[in-house]
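All residue numbers for the sequence shown refer to our numbering, where the first residue is 0 and numbers rise by one.
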Amino acid sequence: MSEITHNLAQVREKIAAAAERCGRASEEVTLLAVSKTKPASAVAEAIEAGQRAFGENYVQEGVEKIRHFQDAGQTGLQWHFIGPLQSNKSRLVAEHFDWCHTVDRLRIATRLSEQRPAHLPPLNVLIQVNISDEQSKSGITLSELDTLAAEIAVLPGVRLRGLMAIPAPETAYDRQFAVAHQMAVAFRALKQQYPSVDTLSLGMTDDMDAAIAAGSTMVRIGTAIFGARDYAARPNVNS
């Protein structure tokens, strides 16, 4: 058994245990394997172990992996863009990815909608919320959510699926849960307004348990699956 296969099994067990502790089915939580900076060979190991959903932070690097597996005839994969998105990179995301988690302004959503190829289904998008109000992070405030959601919901080339957040690091479980709960409340309210909304992308390795307990439907796990990232080894491409 490869290290990645072993790691994936452990992460899935932790997700199942966290779900069971709060009375949820493990099937309610999707594991998104964050493969940024990792080579296609590592992704191939994860695919061999049954993983199908992958998250990429850098546009060009993600596109290269998507093309690699398409050329190899690999089907059934889901590619999620989870990094900050610059306007000049929106076309590549619209043309290649299945999901974009980091929509935080109408201009980006409109570009993604207009640039989505007609032969592809609408791009699944999540609105990024800056739940911890950190100046260094992207995302809107919860007070801006209703307006942006209404604007995105009518765009033909994208499909509003829910919310995403990257909370500030917290070591105490109760604090992690309190922040995650705020996101879950906003998610449930949005879900009542829009039938297409079904995804709350929340929780990483250190706060996954609290996120699942609060109601997250998708956790983003990278290092625990693929090992520490070597940013110096990342292909020399622009994000």
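Note that the Cβ used here is the ideal one computed from N, Cα and C, for glycine as well.
All figures in this text were calculated on a predicted structure; none of them were measured in a lab.
Bounds of any alpha helix (DSSP H) do not take in residue 56, whose DSSP letter is neither H nor E. The DSSP-derived three-state label of residue 0 is coil. Assigned with DSSP and collapsed to three states, residue 81 falls in coil, not helix or strand. The bridge partners DSSP lists for residue 123 are 98, 158. For residue 220, the enclosing beta strand (DSSP E) has its first and last residue at 217-220. When the beta-carbon positions are compared, residue 220 and residue 17 stay at least 8 Å from each other.
Excluding five sequence positions before and after residue 112, the CB atoms of its chain that fall closer than 7 Å to its own CB belong to 154, 155, 156, 157, given in chain order. Straight-line measurement puts the Cα of residue 209 at about 6 Å from the Cα of residue 175.
Of the residues 191, 204, 124, 114, the one whose Cα lies closest to the Cα of residue 99 is 124. With contacts defined as CB atoms closer than 8 Å, residue 126 and residue 103 qualify as a contacting pair. Annotated three-state conformation of residue 71 is coil, per DSSP. For residue 105, the uninterrupted alpha helix (DSSP H) run begins and ends at 105-114, by DSSP. An exposed status is given to residue 142, since fewer than 16 other beta-carbon atoms sit within 10 Å of its beta-carbon.
Counted as a single uninterrupted DSSP element, the alpha helix (DSSP H) harbouring residue 39 occupies residues 39-47. Between residue 225 and residue 34, the gap from beta carbon to beta carbon is short of 8 Å. The secondary-structure analysis by DSSP pairs residue 164 across a beta bridge with 128.
Scanning 117, 106, 206, 57 for the CA closest to the CA of residue 94 turns up 117. For residue 199, the uninterrupted beta strand (DSSP E) segment begins and ends at 198-200. When DSSP states are grouped into helix, strand and coil, residue 32 belongs to the strand group.
In the assembly as shown, residue 40 is an exposed residue. Its beta-carbon has fewer than 16 other beta-carbons within 10 Å. In this structure, residue 193 and residue 159 form a Cβ contact; the two beta carbons are roughly 6 Å apart against a cut-off of 8 Å. For the options 2, 38, 170, the alpha carbon positioned closest to that of residue 229 is the one of 38. In this structure residue 198 is buried. Its beta-carbon is surrounded by 16 or more other beta-carbon atoms within 10 angstroms.
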